[in-house]
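Participant: Pasting in a structure now, in structure tokens, and then I'll have a few things to ask.
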Amino acid sequence: MPEVDVRLVDVTKKFGDQVAVDRINLEVRDGEFFSLLGPSGCGKTTTLRMIGGFEQPTSGLIELQGQDVTWLPPFKRNVNTVFQNYALFPHLTIFENVAFGLRRKGVKTSEIKSRVTDMLNLVELPGYEARKPTQISGGQAQRVALARALINRPAVLLLDEPLGALDLKLRKQMQVELKRIQQEVGITFIYVTHDQEEAMTMSDRIAVMNRGHYEQLGDPESLYERPTTRFVASFLGISNLLAATIVGSDGGYSRATLGDDTPIRLPTALAGGQAAVSIGVRPEKIRLSEPASEVPAGHNRLTGVVEDASYLGVSTQYVVGSRGGRLTVYEQNVERATRAELWSRGDEVQMTWSPDHSFVVPSEGEEPTEPGSGVGEPARTVPA
Ligand SMILES: Nc1ncnc2c1ncn2[C@@H]1O[C@H](COP(=O)(O)OP(=O)(O)OP(=O)(O)O)[C@@H](O)[C@H]1O
Ligand SMILES: [Mg+2]
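Numbered according to our numbering, the sequence shown spans residues 32 to 415.
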């Protein structure tokens with residue numbers, strides 16, 4: 032297990048009586064690409080600013096590489112930050128922008144030259160040394176900002192929505208670039224974004240934040256496949272949630288019924304002893320077929336009527352009304368190549384899926400609200 036690089040213990044930040052960050056416990060591992068993901072106002076920037084030292088916690092403890100830095104000013108922390116508005120020095124060349132931190136430290140000219148060259152190679156901007164910030168594009172400016180932040184070899188790099196100003200295509204390119212650069216330099220990145228796809232593309236692990244705390248922490252796949260709260264289920268992709276009652280179990284699977292007695296199976300381990308739950312299934316896990324056609328043994332089956340069909344190229348998105356509620360279904364456009372072969376509005380269909388593709392979240396109105404009750408790593412006590 033790699034060492035912990037950044038540790039937050041019961042960190043709270045209040046602005047007046049508003050709680051921006053609510054008793055967060057977090058451990059970011061050495062060399063990890065870690066993201067804080069959540070909607071506007073959930074406390075991402077505040078958390079990042081406390082790690083960087085730009086904001087002090089109202090209570091709690093922050094450690095960097097085992098050292099308590101809670102009260103250290105930013106310049107005494109081995110941390111650097113890249114902001115959304117990357118604020119390059121307009122009067123300095125790209126070379127001097129990148130060299131800035133080294134000059135301030137009094138590093139020898141020959142070493143500066145070689146380290147700036149290395150950095151510009153890393154961000155794929157060799158040959159841009161003599162240009163001014165006004166003579167490069169937004170994406171290139173973001174790379175320069177990254178080079179400038181990395182040249183001091185910080186232990187941790189903090190990034191607050193650094194791609195926010197770029198258009199979608201450039202953003203996607205830069206996501207792949209950022210991941211490559213992070214792997215190459217091996218520095219711990221803590222990345223703030225409200226864009227779930229962006230977080231999933233780059234991160235080793237993600238903390239999904241809501242109202243000042245995180246609800247779930249894990250790698251992208253487990254967050255997507257097994258969300259444990261309604262918020263996480265709906266924030267990461269589309270979820271179909273079916274209100275159900277658990278009525279029994281056999282052979283590792285629990286039996287549940289929807290309001291109208293439609294039986295649904297799910298792994299018992301997911302049911303967790305609750306009686307009323309919401310069973311989730313992702314749109315791409317559902318297969319559509321003719322009503323009453325054969326179903327693989329043990330699969331769940333729900334009949335419904337197509338209410339909407341949208342052809343999206345790669346896939347077709349259906350909205351199907353059923354007695355369990357309205358479900359979204361994605362079908363890859365592999366075999367059904369022509370529009371005439373797609374299901375259309377008013378068609379009766381059968382939806383089937385494997386019980387193993389289910390997840391379970393608390394039923395509506397039963398969501399725990401207590402901070403720290405989300406699933407993640409166990410809260411740590413303050414070391415003596
Ligand atoms: N300096 C401040 N004074 C008062 N309230 C603040 C201050 N900074 C942040 N807040 C409040 O704290 C909460 C969390 O803000 P924060 O900037 O951390 O959110 P965020 O998750 O980064 O949101 P966004 O995605 O919009 O950037 C918000 O309700 C915000 O209004
Ligand atoms: Mg923010």
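Built from N, CA and C at the ideal position, the CB exists for glycine as well.
Unbroken beta strand (DSSP E) runs of length 3 or more, entirely within the stretch 250-329: which are they?
Facilitator: Whole beta strand (DSSP E) segments, 3+ residues: 271-281, 284-289, 294-298, 307-312 and 318-320.
Participant: Could you check if His122 is buried or exposed, using at least 16 other CB atoms within 10 Å of its CB as the buried criterion?
Facilitator: Position 91 of the sequence shown, counting from 1, holds the residue named residue 122. Exposed.
Participant: DSSP three-state label for Leu194, please.
Facilitator: Here residue 194 refers to the residue found at position 163 of the sequence shown. Coil.
Participant: State yes or no: is the C-beta of Gln14 within less than 8 Å of the C-beta of Pro185?
Facilitator: The requested residue 14 is not part of the displayed model; the chain covers only 32 to 415.
Participant: Any heavy atom of ligand 2 within a distance shorter than 7 Å of the CB on Thr140?
Facilitator: For the purposes of this step, residue 140 is taken as residue 109 along the sequence shown, with counting starting at 1. The answer is no for Thr140.
Participant: What is the rounded straight-line gap between the Cα of Lys107 and the Cα of Leu79?
Facilitator: The sequence position of residue 107 within the sequence shown is 76, counting from 1. The sequence position of residue 79 within the sequence shown is 48, counting from 1. Each residue's alpha carbon lies about 16 Å from the other.
Participant: Flag this pair as yes or no: are the beta carbons of Leu197 and Gln166 separated by less than 8 Å?
Facilitator: Along the sequence shown, one-based indexing puts residue 197 at 166. Along the sequence shown, one-based indexing puts residue 166 at 135. Cβ distance not < 8 Å, so Leu197 and Gln166 don't count as in contact.
Participant: Assuming Ala230 contacts Ile237 under a Cβ cut-off of 8 Å, what Cβ separation, rounded to an integer in Å, is found between them?
Facilitator: Numbered from 1 along the sequence shown, position 199 holds the residue referred to as residue 230. Numbered from 1 along the sequence shown, position 206 holds the residue referred to as residue 237. Yes, Ala230 and Ile237 are in contact; Cβ-Cβ is about 5 Å, under 8 Å.
Participant: How is the beta strand (DSSP E) around Phe126 delimited, first residue to last?
Facilitator: For the purposes of this step, residue 126 is taken as the residue at position 95 of the sequence shown. No beta strand (DSSP E) contains Phe126, which is instead part of the alpha helix (DSSP H) from Ile125 to Lys136.
Participant: Determine, using beta-carbon pairs with one atom in the stretch 206-217 and one in the stretch 239-251, whether at least three such pairs fall under 8 Å.
Facilitator: no
Participant: Hey, how far is the Cα of Gln418 from the Cα of Leu181?
Facilitator: In the structure as shown, the chain starts at 32 and stops at 415, and residue 418 therefore has no counterpart that could be examined.
Participant: Quick one: is the Cβ of Val110 within less than 7 Å of any heavy atom of ligand 2?
Facilitator: Reading the sequence shown from its first residue, position 79 is the one you call residue 110. Not so, every heavy atom of ligand 2 lies at least 7 Å from the Cβ.
Participant: Is there a C-beta anywhere in chain D that falls below 8 Å from the one on Arg60?
Facilitator: Reference to chain D is not applicable here, since this structure consists of a single protein chain.
Participant: Just list the beta strand (DSSP E) runs in the stretch 75-121, keeping only unbroken ones of 3 residues or longer that don't cross its boundaries, in chain order.
Facilitator: Counting whole runs of 3 or more residues, the stretch 75-121 contains the beta strand (DSSP E) stretches 90-95 and 110-113.
Participant: Measuring only the C-alpha atoms, how far is Glu142 from His244?
Facilitator: Position 111 of the sequence shown, counting from 1, holds the residue named residue 142. Position 213 of the sequence shown, counting from 1, holds the residue named residue 244. Those two C-alpha atoms are separated by around 43 Å.
Participant: Mind pulling the beta strand (DSSP E) runs of 3 or more residues that sit fully within the stretch 137-221?
Facilitator: 187-191
Participant: Between Asp41 and Ser90, which are expected to be in contact by the criterion C-beta below 8 Å, what is the C-beta distance as a whole number of angstroms?
Facilitator: The residue labelled residue 41 in the question sits at position 10 within the sequence shown. The residue labelled residue 90 in the question sits at position 59 within the sequence shown. Between Ser90 and Asp41 the Cβ distance is about 7 Å, and since that is below 8 Å, they are a contact.
Participant: Let me know if Leu39 comes out buried or exposed under the rule of 16 or more other beta-carbons within 10 Å of its beta-carbon.
Facilitator: Taking the first residue of the sequence shown as 1, we reach residue 39 at position 8. By the 10 Å Cβ count, Leu39 comes out buried.
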